Amino acid sequence: MIPFFVQIKCNLGRSYQVANQLADAEIASEIYSTAGDYDLLVKFYVEPGTDIGHFVNEKVQTISGIVDTKTIITFKAF
3 MIPFFVQIKC NLGRSYQVAN QLADAEIASE IYSTAGDYDL LVKFYVEPGT
53 DIGHFVNEKV QTISGIVDTK TIITFKAF
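Take any residue in the sequence shown, count from 1 to its spot, add 2: that is its number in our numbering.
Here it is, written out as C-alpha coordinates:
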(Lines of atoms letter the chains of each structure in order from A and count residues from 1; the text may use other names and numbers.)
(Lines give C-alpha, C1' and ligand atoms only; values in the text may rest on other atoms or scores of the structure.)
Protein backbone atom coordinates (compact mmCIF):
# COMPACT_ATOMS: atom_id res chain seq x y z
CA MET A 1 0.00 0.00 0.00
CA ILE A 2 1.15 3.52 -0.78
CA PRO A 3 0.64 6.15 1.97
CA PHE A 4 0.05 9.84 1.36
CA PHE A 5 -1.38 12.75 3.29
CA VAL A 6 -3.87 15.46 2.39
CA GLN A 7 -4.20 18.74 4.24
CA ILE A 8 -7.78 19.97 3.99
CA LYS A 9 -9.15 23.48 4.40
CA CYS A 10 -12.86 23.49 5.27
CA ASN A 11 -15.61 26.05 5.09
CA LEU A 12 -15.87 27.91 8.39
CA GLY A 13 -17.62 25.78 10.99
CA ARG A 14 -17.55 22.62 8.85
CA SER A 15 -14.39 20.81 10.02
CA TYR A 16 -16.22 18.24 12.13
CA GLN A 17 -18.78 17.54 9.40
CA VAL A 18 -16.01 17.03 6.83
CA ALA A 19 -14.11 14.75 9.21
CA ASN A 20 -17.26 12.71 9.83
CA GLN A 21 -17.95 12.39 6.09
CA LEU A 22 -14.39 11.16 5.52
CA ALA A 23 -14.77 8.64 8.35
CA ASP A 24 -18.15 7.47 7.03
CA ALA A 25 -16.71 6.99 3.54
CA GLU A 26 -14.08 4.63 5.03
CA ILE A 27 -11.37 5.92 2.67
CA ALA A 28 -9.05 7.48 5.27
CA SER A 29 -6.62 5.69 7.55
CA GLU A 30 -6.28 8.54 10.07
CA ILE A 31 -7.95 11.95 10.45
CA TYR A 32 -6.50 14.73 12.60
CA SER A 33 -7.68 18.26 13.33
CA THR A 34 -4.88 20.80 12.98
CA ALA A 35 -4.17 24.48 13.61
CA GLY A 36 -2.77 26.77 10.94
CA ASP A 37 -3.55 27.17 7.26
CA TYR A 38 -5.44 23.85 7.04
CA ASP A 39 -8.10 22.37 9.32
CA LEU A 40 -7.53 18.64 8.84
CA LEU A 41 -4.60 16.34 8.12
CA VAL A 42 -5.72 13.03 6.66
CA LYS A 43 -3.67 9.92 5.93
CA PHE A 44 -4.71 7.68 3.07
CA TYR A 45 -3.41 4.41 1.65
CA VAL A 46 -3.92 3.33 -1.95
CA GLU A 47 -2.90 0.25 -3.91
CA PRO A 48 0.31 0.54 -5.95
CA GLY A 49 -0.48 1.89 -9.39
CA THR A 50 -3.42 3.97 -8.19
CA ASP A 51 -3.44 7.51 -9.58
CA ILE A 52 -3.30 9.62 -6.41
CA GLY A 53 -4.43 12.75 -8.27
CA HIS A 54 -7.58 11.02 -9.48
CA PHE A 55 -8.20 9.55 -6.02
CA VAL A 56 -8.02 12.98 -4.37
CA ASN A 57 -10.10 14.57 -7.12
CA GLU A 58 -12.83 11.93 -7.12
CA LYS A 59 -12.95 10.70 -3.50
CA VAL A 60 -11.78 13.64 -1.36
CA GLN A 61 -12.46 16.94 -3.10
CA THR A 62 -16.07 15.96 -3.80
CA ILE A 63 -16.91 15.96 -0.08
CA SER A 64 -19.18 18.83 0.88
CA GLY A 65 -17.51 21.53 2.97
CA ILE A 66 -13.99 21.23 1.54
CA VAL A 67 -12.55 24.49 0.22
CA ASP A 68 -8.96 23.51 -0.61
CA THR A 69 -6.57 20.56 -0.41
CA LYS A 70 -2.81 20.09 -0.40
CA THR A 71 -1.51 16.61 -1.16
CA ILE A 72 1.75 15.43 0.42
CA ILE A 73 3.30 12.38 -1.21
CA THR A 74 5.78 10.47 0.92
CA PHE A 75 8.84 8.50 -0.14
CA LYS A 76 10.02 6.47 2.85
CA ALA A 77 9.05 5.89 6.47
CA PHE A 78 11.85 5.90 9.05
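The beta-carbon is built from N, C-alpha and C at its ideal position, and this holds for glycine as well. The model shown is predicted, which means the values in this text are computed figures rather than measured ones.
{"Item": "By a C-beta neighbour count over all protein chains shown, 10 Å radius and 16 as the cutoff for buried, is Tyr1 buried or exposed?", "Value": "Outside the shown range of the chain, which is 3 to 80, sits residue 1, and nothing can be said about it."}
{"Item": "Are Val62 and Ile10 close, meaning C-beta to C-beta below 9 Å?", "Value": "yes"}
{"Item": "Have a look at the DSSP bridge pairing and note the partners of Leu43.", "Value": "Gln9, Tyr34"}
{"Item": "Considering only the alpha carbon of each residue, which of Ala79, Ile75, Tyr40 lies closest to Ala21?", "Value": "Tyr40"}
{"Item": "What distance in whole Å lies between the Cβ atoms of Ile65 and Leu14, which are believed to be in contact at a cut-off of 8 Å?", "Value": "That pair is no contact at about 16 Å."}
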